[in-house]
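Below is one structure; the comments refer to it alone.
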Amino acid sequence: MSPVLADVLQVTALIGALALVHRPLGDFMAAVYSSKKHLRVEQWIYRSVGASPDAEMRWPAYLRGVLIFSGVSVLFLFVMQRVQDKLPLSLGFKPITPDQAFNTAASFISNTNWQSYSGEVAMSHVTQTAGLAVQNFVSAAVGMAVAVALVRGFARSRTGDLGNFWADLVRGTVRILLPLSVVAAIILVACGAIQNFGDIHHITTLSGAKQAISPGAVASQEAIKDLGTNGGGFFNANSAHPFENPNGFTNLLEIFLLLVIPFSLPRTFGKMVGSIKQGYAIVAAMGIIWFGAVLAVTWLEYAHPGTASHLAGGAMEGKEQRFGEGASSLFSVSTTMTSTGSVNSFHDSFSGLSGGVLLLGMMLGEITPGGTGSGLYGMLIMAIIAVFLAGLMVGRTPEYLGKKISTREIKLAACYILITPALVLIGTAVAMALPDGKEAMTNIGAHGFSEVLYAFTSASNNNGSAFAGFGANTPFFNTALGLCMLLGRFLPMVFVLALAGSLAEQKPVPETAGTLRTEKPLFTGLLVGTLLIVTGLTFFPALALGPLAEGLSS
Numbered sequence: 039m040s041p042v043l044a045d046v047l048q049v050t051a052l053i054g055a056l057a058l059v060h061r062p063l064g065d066f067m068a069a070v071y072s073s074k075k076h077l078r079v080e081q082w083i084y085r086s087v088g089a090s091p092d093a094e095m096r097w098p099a100y101l102r103g104v105l106i107f108s109g110v111s112v113l114f115l116f117v118m119q120r121v122q123d124k125l126p127l128s129l130g131f132k133p134i135t136p137d138q139a140f141n142t143a144a145s146f147i148s149n150t151n152w153q154s155y156s157g158e159v160a161m162s163h164v165t166q167t168a169g170l171a172v173q174n175f176v177s178a179a180v181g182m183a184v185a186v187a188l189v190r191g192f193a194r195s196r197t198g199d200l201g202n203f204w205a206d207l208v209r210g211t212v213r214i215l216l217p218l219s220v221v222a223a224i225i226l227v228a229c230g231a232i233q234n235f236g237d238i239h240h241i242t243t244l245s246g247a248k249q250a251i252s253p254g255a256v257a258s259q260e261a262i263k264d265l266g267t268n269g270g271g272f273f274n275a276n277s278a279h280p281f282e283n284p285n286g287f288t289n290l291l292e293i294f295l296l297l298v299i300p301f302s303l304p305r306t307f308g309k310m311v312g313s314i315k316q317g318y319a320i321v322a323a324m325g326i327i328w329f330g331a332v333l334a335v336t337w338l339e340y341a342h343p344g345t346a347s348h349l350a351g352g353a354m355e356g357k358e359q360r361f362g363e364g365a366s367s368l369f370s371v372s373t374t375m376t377s378t379g380s381v382n383s384f385h386d387s388f389s390g391l392s393g394g395v396l397l398l399g400m401m402l403g404e405i406t407p408g409g410t411g412s413g414l415y416g417m418l419i420m421a422i423i424a425v426f427l428a429g430l431m432v433g434r435t436p437e438y439l440g441k442k443i444s445t446r447e448i449k450l451a452a453c454y455i456l457i458t459p460a461l462v463l464i465g466t467a468v469a470m471a472l473p474d475g476k477e478a479m480t481n482i483g484a485h486g487f488s489e490v491l492y493a494f495t496s497a498s499n500n501n502g503s504a505f506a507g508f509g510a511n512t513p514f515f516n517t518a519l520g521l522c523m524l525l526g527r528f529l530p531m532v533f534v535l536a537l538a539g540s541l542a543e544q545k546p547v548p549e550t551a552g553t554l555r556t557e558k559p560l561f562t563g564l565l566v567g568t569l570l571i572v573t574g575l576t577f578f579p580a581l582a583l584g585p586l587a588e589g590l591s592s
């Protein structure tokens, strides 16, 4: 079988699997967040934290719940890393330094999972499972809860109530993420991923060299790493490591896991607002950009100039040698467009232009399809912007899902879309102006600039992947990127929840002959165009200095 045919079959199988589960999973998630009943285990959790799951919250109270829970989580994970040598199953590892512990805590709480450490030689079993893996669950559940709150803002009227944060957090974890992760982990173990709490194995290689092999609860962390669009690998090589990703089937399974919830949430949105077609319009816009990026990166990698690259069938340095160029491209696009950060090849090794496409995927705001929850609420914000632009063109007050998009809503949406570009561009500029930024680059010129730009793009968009040659484990970058992760995660949530509260207070606007039909293909095209134009105008100068300059000069 030719590599191209294998790539086509792989993408076809992935799209087919996503389409197959889109309806049942989307409907199930809508039922979970609309249910009035509480499971016994959920009731126990509510009593243990002193929460009242049936009490409705307005947006300030909902936001306080998000921030309090996340703040306590940051402190808990920071302390755990600092005292891990005193905890059971420490494997003899030393405490994590303060700046790196802050960076890691901010990373996992913000669903970024940026790693400036090698997990197999730095983190103990307890830190990996009771610390990092737990945050993989709850940080994803926080994103889903905020997305559901925004959906309720569209669905409700004449009330400021958005539901209950604690109920949404617990339900998302217990009823959705946990059972799906258990099934995925069992499949991964059956296919060869490891799952144990053993000691480090010291072996002698055939050449006589000494090597330490770290065991761990890998399969369970791998499942939620991808399902929750987290991305933090148990090993430094992430999903390129055979203990995390043993074969071609698990490689495709992991791509499916990181896409399945983001691509199913638009169905949940359509179900909750009472119009399935609205969900189809959103998922179509997501799918168009994702599929276009897959085609672009795969073609660019196969067409990489140079005799050696053509003879090898692609530029294979730094790529996943077991699965080929296409699987590396498919994984890389899916991970950069879902805020996952999980990798099966190193993005530093991609060609200049394909690396630019990966950067663009994150710069879009990771909404195609985006992270668990964050992709949906980010896309709905862009839908509001698209409706506003359409209203300007025809000279009427914009409406979306029966709600007027007034000055207040547009200001909140505008603040949302400005936060991440500000963090990325200011952070990159500061780093390039300081010796710390230049010293961290392992390459000079355009590619070295791309390394710094990629780091701040990844952190501010809560992705977590990196150009592998970038030396980020310094006090400056641990602190700067940690702050970008926290601000890039929680500042947008402030505006999302404020927007949800504003929408929920409105009364429905009756549909007229002049109302823009947002469930039609025309609106999907307008939404795709809005995404590309807004991002292009914002980030084109930075992309021109980095990946575009590198790609056009090669």
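Every number in the working numbering is 38 more than the matching position in the sequence shown, counting from 1.
From the three backbone atoms N, C-alpha and C, an ideal C-beta is built for every residue, glycine too.
Fair warning: this is a prediction, and the values are worked out from it, not measured in the lab.
(message) Just list the residues that DSSP pairs E543 with in beta bridges.
(response) Within the sequence shown, the letter at position 505 stands for residue 543. DSSP lists no partner for E543.
(request) Confirm, please, whether the CB-CB distance from A538 to A187 is below 7 angstroms. (result) Working through the sequence shown from its first residue, we reach residue 187 at position 149. Working through the sequence shown from its first residue, we reach residue 538 at position 500. Contact flag set, yes.
(request) Grab me the residues of S313's own chain with a C-beta within less than 7 angstroms of its C-beta, minus the 5 sequence neighbours each way, in chain order. (result) The count along the sequence shown starts at 1 and reaches residue 313 at position 275. E557, listed in sequence order.
(message) Going residue by residue through the region 451–508, where are the continuous alpha helix (DSSP H) segments of at least 4 residues, counting only ones entirely within it?
(response) Taken in chain order, the complete alpha helix (DSSP H) segments of 4 residues or longer contained in the region 451–508 are 473–478, 483–498.
(message) In the DSSP output, what is H239 paired with across the bridge?
(response) The residue given as residue 239 occupies position 201 in the sequence shown. Answer by DSSP bridge pairing, in chain order: I251.
(message) Comparing C-alpha positions only, which one of L215, T512, V208, S496 sits nearest to K75?
(response) Position 37 of the sequence shown, counting from 1, holds the residue named residue 75. When only C-alpha atoms are compared, the closest one is V208.
(request) Run through the region 406–458 for me and flag every whole beta strand (DSSP E) of 3 or more residues, listed as ranges in chain order. (result) none
(request) List the endpoints of the continuous alpha helix (DSSP H) containing W97. (result) Counting from one through the sequence shown, the residue named residue 97 turns up at place 59. Start and end: 97–120.
(request) Would you kindly check if the distance between the Cβ of I422 and the Cβ of I443 is under 7 angstroms? (result) Taking the sequence shown and counting its residues from 1, one reaches residue 443 at position 405. Taking the sequence shown and counting its residues from 1, one reaches residue 422 at position 384. Contact: yes.
(request) Report all residues from its chain with a CB closer than 8 angstroms to the CB of N511; omit the five preceding and five following residues, and keep chain order. (result) Within the sequence shown, the letter at position 473 stands for residue 511. Excluding residues within five positions, the ones whose Cβ falls inside 8 angstroms are Q138, S154, Y155.
(message) Less than 7 angstroms between the beta carbons of N174 and I262, yes or no?
(response) What you label residue 174 is simply residue 136 of the sequence shown in a count that begins at 1. What you label residue 262 is simply residue 224 of the sequence shown in a count that begins at 1. Against a cut-off of 7 angstroms, the Cβ pair of I262 and N174 comes out as a contact.
(message) Quick check on D92: does DSSP put it in helix, strand or coil?
(response) Numbered from its first residue, the sequence shown carries residue 92 at position 54. Note: D92 maps to coil in three-state DSSP.
(request) Would you mind sorting T568 into buried or exposed? The rule is 16 or more other CB atoms within 10 Å of its CB. (result) Locating residue 568 in the sequence shown gives position 530, where the first residue counts as 1. T568 comes out buried.
(request) Select from A467, L170, F487, M531 the residue whose C-alpha is nearest the C-alpha of D386. (result) As a first step, residue 386 must be located in the sequence shown, where it is residue number 348. Closest option to D386, Cα to Cα, is F487.
(message) Could you tell me the alpha carbon to alpha carbon distance between L296 and G201, rounded to whole angstroms?
(response) Position 258 of the sequence shown holds residue 296. Position 163 of the sequence shown holds residue 201. Roughly 27 angstroms between the two C-alpha positions.
(request) May I have the straight-line CA-CA distance separating R120 from S498, to the nearest angstrom? (result) Start at 1 with the first residue of the sequence shown, and residue 120 comes out as number 82. Start at 1 with the first residue of the sequence shown, and residue 498 comes out as number 460. Distance between the alpha carbons of R120 and S498: 25 angstroms.
(message) Measuring only the C-alpha atoms, how far is P546 from L439?
(response) Along the sequence shown, read from residue 1 onward, the residue named residue 546 stands at position 508. Along the sequence shown, read from residue 1 onward, the residue named residue 439 stands at position 401. Each residue's alpha carbon lies about 8 angstroms from the other.
(message) Using only CA atoms, which one of L58, L215, G64 lies nearest to M310?
(response) For the purposes of this step, residue 310 is taken as the residue at position 272 of the sequence shown. With distances taken between Cα atoms, M310 lies closest to G64.
(request) Could you tell me whether the Cβ atoms of N274 and P253 are closer together than 7 angstroms? (result) Within the sequence shown, numbered from 1, the residue matching residue 274 stands at position 236. Within the sequence shown, numbered from 1, the residue matching residue 253 stands at position 215. No, Cβ-Cβ distance for N274 and P253 is not below 7 angstroms.
(request) Output yes or no for whether 7 angstroms exceeds the beta carbon distance between G379 and S245. (result) Translated into positions along the sequence shown, residue 379 becomes position 341. Translated into positions along the sequence shown, residue 245 becomes position 207. Result no, Cβ atoms of G379 and S245 do not sit closer than 7 angstroms.
(request) If I'm right that P284 touches A231 with Cβ under 8 angstroms, what's the distance once you round it to whole angstroms? (result) Translated into positions along the sequence shown, residue 284 becomes position 246. Translated into positions along the sequence shown, residue 231 becomes position 193. At roughly 6 angstroms, the Cβ-Cβ gap stays under 8 angstroms, so P284 and A231 are in contact.
(message) If distances are taken between C-alpha atoms only, which option among F192, G411, T374 comes closest to E437?
(response) As a position in the sequence shown, residue 437 is number 399, starting the count at 1. Considering only alpha carbons, the answer is F192.
(request) Can you grab the Cα-Cα spacing for the pair V432 / F203, in whole Å? (result) Translated into the one-based positions of the sequence shown, residue 432 becomes position 394. Translated into the one-based positions of the sequence shown, residue 203 becomes position 165. Each residue's Cα considered, the two are about 39 angstroms apart.
(request) Report yes if the C-beta distance between T7 and G507 is below 7 angstroms; otherwise report no. (result) Because the chain here runs from 39 to 592, residue 7 falls outside it and cannot be looked at.
(request) Could you pull out every residue in the same chain whose Cβ sits closer than 6 angstroms to the Cβ of G317, ignoring the five residues on either side in sequence? (result) Taking the first residue of the sequence shown as position 1, residue 317 is located at position 279. Counting only Cβ-Cβ distances below 6 angstroms, and skipping sequence neighbours, we find P304, R305, F307, G308.
(request) Taking 7 angstroms as the cut-off, decide whether the C-beta atoms of M182 and G411 are in contact. (result) The sequence position of residue 182 within the sequence shown is 144, counting from 1. The sequence position of residue 411 within the sequence shown is 373, counting from 1. Yes, they are a contact pair.
(request) Select from L77, S145, L105, D199 the residue whose C-alpha is nearest the C-alpha of C522. (result) Looking up residue 522 in the sequence shown gives position 484. Answer by Cα proximity: S145.
(request) Sort out for me which residues DSSP pairs D199 with in a bridge. (result) What you label residue 199 is simply residue 161 of the sequence shown in a count that begins at 1. R96.
(message) Pairs of beta-carbons, one from the region 323–333 and one from the region 445–455, closer than 8 angstroms: are there three or more?
(response) no
(message) In whole angstroms, give me the CA-to-CA distance for K476 and I464.
(response) Against the sequence shown, residue 476 aligns to sequence position 438. Against the sequence shown, residue 464 aligns to sequence position 426. Those two C-alpha atoms are separated by around 16 angstroms.
(message) Taking the alpha carbon of V87 as the reference point, which residue from L519, A365, A205, A518 has its own alpha carbon closest?
(response) Along the sequence shown, one-based indexing puts residue 87 at 49. When each option's Cα is compared against that of V87, the closest is A205.
(request) Compare the C-alpha of I457 against each of V534, V381, R434, F384 and name the closest. (result) The count along the sequence shown starts at 1 and reaches residue 457 at position 419. With distances taken between Cα atoms, I457 lies closest to V534.
(request) Please state whether DSSP places E588 in a helix, a strand or coil. (result) Taking the sequence shown and counting its residues from 1, the one referred to as residue 588 is at position 550. Helix at E588.
(message) Considering Cα atoms alone, identify which of T50, T550, E549, P559 is closest to L290.
(response) Here residue 290 is taken as the residue at index 252 of the sequence shown, counted from 1. When each option's Cα is compared against that of L290, the closest is T50.
(request) In angstroms with no decimal places, state the Cα-to-Cα distance between L349 and Y340. (result) For the purposes of this step, residue 349 is identified with residue 311 of the sequence shown, where counting begins at 1. For the purposes of this step, residue 340 is identified with residue 302 of the sequence shown, where counting begins at 1. Low confidence applies here, because L349 scores a pLDDT of 49, under 50, leaving its location unreliable; read the following figure in that light. C-alpha separation (whole angstroms): 11 angstroms.
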